[in-house]
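Participant:
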Amino acid sequence: MKRLAISLFLTLILTSTLVAGCISQPTRPATLSGKLPIFHAGSLTIPFAQISEEFNKLYPNVEILLEGAGSQTTIRKVTELHKECGVIGSADYTIIPQLMFPEYADWYIIFASNQMCLA
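Start counting the sequence shown at 0; every next residue gets the next number (numbering that gives the first Met the number 0).
1. At what residues does the alpha helix (DSSP H) containing GLU52 begin and finish?
2. Between the Cα of ILE95 and those of LEU43, GLN71, SER112 and GLU62, spot the shortest distance and give me the residue it belongs to.
3. Beta carbon of THR78, beta carbon of TYR58: below 7 Å?
4. Rounded to the nearest angstrom, what separates GLY33 and HIS39 at their Cα positions?
5. Could you tell me whether the Cβ atoms of LEU36 and LEU64 are closer together than 7 Å?
6. Roughly how many angstroms lie between the CA atoms of ILE109 and ALA68, to the nearest whole one?
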């Protein structure tokens with residue numbers, strides 16, 4: 000009997016905790032402010048402009064500074080000129096590990112790909 004009472008009590012506590020977690024208000028995104036430099040390949044200008052616009056809807060106090068150039072030039076801004084940025088967008092993802100690992104980066108994400116054929 001005592002074991003049953005303890006089991007029921009623990010079940011009630013766990014259920015109450017889960018229900019309370021489910022009905023709470025969603026948390027608002029953290030308040031961010033400041034500048035976010037983004038170096039990107041020129042071919043990524045339009046996608047990064049669109050992404051920046053959506054980001055600013057959530058974080059209006061962040062000033063996004065888009066700077067387009069060739070992919071290698073973009074990476075050299077960090078590796079040779081030591082300019083700081085929050086995001087690098089390269090049209091050739093293979094040069095990120097070649098030119099940036101391990102000193103300037105240790106991971107990357109491929110978020111889009113494309114091919115071009117000249118005939």
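All C-beta atoms, glycine included, are put in the ideal place defined by N, C-alpha and C.
Facilitator: On the basis of the supplied data:
1. Taking the sequence shown and counting its residues from 1, the one referred to as residue 52 is at position 53. Looking at the DSSP string, the run of the alpha helix (DSSP H) that includes GLU52 is 44–57.
2. By 1-based counting over the sequence shown, the position of residue 95 is 96. Measuring from the Cα of ILE95, the nearest candidate turns out to be GLN71.
3. Along the sequence shown, one-based indexing puts residue 78 at 79. Along the sequence shown, one-based indexing puts residue 58 at 59. No, they are not a contact pair.
4. For the purposes of this step, residue 33 is identified with residue 34 of the sequence shown, where counting begins at 1. For the purposes of this step, residue 39 is identified with residue 40 of the sequence shown, where counting begins at 1. Computed Cα separation, rounded: 19 Å.
5. Residue mapping note: residue 36 aligns to position 37 of the sequence shown, counting from 1. Residue mapping note: residue 64 aligns to position 65 of the sequence shown, counting from 1. Here the sequence assigns Pro to residue 36, which means Leu is not the residue at that position. Between PRO36 and LEU64, the C-beta spacing is below 7 Å.
6. By 1-based counting over the sequence shown, the position of residue 109 is 110. By 1-based counting over the sequence shown, the position of residue 68 is 69. Taken atom to atom, the span from the alpha-carbon of ILE109 to that of ALA68 is near 19 Å.
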